[in-house]
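Trainee:
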Amino acid sequence: MNQSQRILDVLDHEWDQLSGGPSTRRHLRRWQDQQPALRGARSLPELRSLIEASPLEESSELVWALLAIAAEEDLADRLLLQIIVPGLAGEARWLMSWARRVEPDLIGNGDIDQMLVLAGIEGIRHAHGHRRSYPICSILRRTHRLLTKETRAIETWHAKTVLDEIEVSPSAVPEPTARPGQMLLDLLSEATERGTVSRSDADLLWMIDVAGFSSAELAPSLGIAPRSVAQRRLRAEGRLSKMVGEAA
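If you read the sequence shown in our numbering, its first letter stands for residue 1424, the second for the next number, and so on.
What follows is the structure in structure tokens.
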């Protein structure tokens, strides 16, 4: 089976099992009490079909209604994820092609599946409480931006790792001003060797200062609040500055 299609088939199978239970009807009735626009469906599969089959304006009204309750209803998030599955097909093929070229190990251990699903869920959560035109398109655009950013960060990190493994003769090193990223890499490598900063803090500085991630984007993977990420960054930068000052 095509591996990119397998991801989508797993989501379909999971949804078939999840959406058929009697408890889902209770969820739907509660949603319909909050959002009258959803009252035309008798089950979650029927609501999904209604959204997919309705004209764009009508389906957008239904999606807006789901987004209004999804911030407090994980099942509504899961329904929205299932609705965007057709749009994720292209992302899955692109991710597989990228992984084969850049990082094949991500395919066998399920990381590609996780990247796709997490980006889709984050795209949905980003839309919570908003009434953008054509919300499904908005969610898919956000999903693509997140995946693009993550793949670029992996490529940057991969390139950094390769640089770590290459011994460069002094004569081959360019002027510092020509490679600011290399300057930071050298500084972080020296700082971790000295024990000035931990490896995890060095990774954090690289992901923010070079890969372009924000504290809010890194917080979920680190299991801490965005403010704590920012504080860790400031403390690490302070230790780096002190090290540079002492060496001057």
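C-beta: ideal position from N, C-alpha, C; glycine also.
At the level of alpha carbons, what is the spacing between Leu-1641 and Val-1652?
Mentor: For Leu-1641 and Val-1652, the distance between alpha carbons rounds to 8 Å.
Trainee: With the cut-off set at 9 Å, would you say Leu-1539 and Leu-1502 are in Cβ contact?
Mentor: Cβ atoms of Leu-1539 and Leu-1502: not closer than 9 Å.
Trainee: Do Val-1525 and Ile-1672 count as a contact pair if the criterion is CB distance below 9 Å?
Mentor: No information on residue 1672 is available, as it lies outside the stretch 1424 to 1671 that the chain covers here.
Trainee: Is the segment 1507-1525 close to the segment 1451-1462, with three or more CB pairs under 8 Å?
Mentor: Result no; under three Cβ-Cβ pairs closer than 8 Å.
Trainee: For the alpha helix (DSSP H) containing Ala-1488, name the first residue and the last one.
Mentor: Run containing Ala-1488: 1479-1493, per the alpha helix (DSSP H) assignment.
Trainee: Looking at the structure shown, is Thr-1619 part of a helix, part of a strand, or coil, going by DSSP?
Mentor: Here Thr-1619 sits in coil by DSSP.
Trainee: Roughly how many angstroms separate the alpha carbons of Gly-1552 and Ile-1559, rounded to a whole number?
Mentor: Using only the alpha carbons, I get a separation of about 14 Å.
Trainee: Express the C-alpha separation of Leu-1504 and Asp-1432 in angstroms, rounding to a whole number.
Mentor: The straight-line gap from Cα to Cα measures roughly 13 Å.
Trainee: Compare the beta carbon distance of Leu-1570 and Ile-1507 with 9 Å and say whether it is the shorter of the two.
Mentor: No.
Trainee: Can you tell me where the alpha helix (DSSP H) with Gly-1543 in it begins and where it stops?
Mentor: Per DSSP, Gly-1543 belongs to the alpha helix (DSSP H) from 1534-1549.
Trainee: Quick test of the definition: if touching needs 3 or more C-beta pairs under 8 Å, does the segment 1615-1626 touch the segment 1653-1661?
Mentor: With the cut-off at 8 Å, the segment 1615-1626 and the segment 1653-1661 touch.
Trainee: Is it the case that the segment 1609-1616 contacts the segment 1658-1667, given that we only count it when at least three CB pairs across the two stretches are under 8 Å?
Mentor: At 8 Å Cβ cutoff, the stretches touch.
Trainee: Can you tell me whether DSSP reads His-1436 as helix, strand or coil?
Mentor: Helix at His-1436.
Trainee: Could you tell me if Ser-1472 is buried or exposed, where buried requires 16 or more neighbouring beta carbons within 10 angstroms of its beta carbon?
Mentor: Counting Cβ neighbours within 10 Å, Ser-1472 comes out exposed, since fewer than 16 surround it.
Trainee: Of all the options Pro-1445, Glu-1469, Pro-1509 and Gln-1457, which has the alpha carbon lying nearest to the alpha carbon of Trp-1487?
Mentor: Minimum Cα distance to Trp-1487 is reached at Gln-1457.
Trainee: Arg-1449: which of Glu-1437, Ala-1494 and Ala-1499 sits nearest, CA to CA?
Mentor: That would be Ala-1499, whose Cα lies nearest to the Cα of Arg-1449.
Trainee: For Gln-1457, report the span of its alpha helix (DSSP H) as first-last.
Mentor: Start and end: 1445-1457.
Trainee: Report, in whole angstroms, the separation of the C-beta atoms of Leu-1529 and Ile-1535, which I expect to be a contact under 8 Å.
Mentor: Going by Cβ atoms, the distance from Leu-1529 to Ile-1535 rounds to 5 Å, so yes, they are a contact pair.
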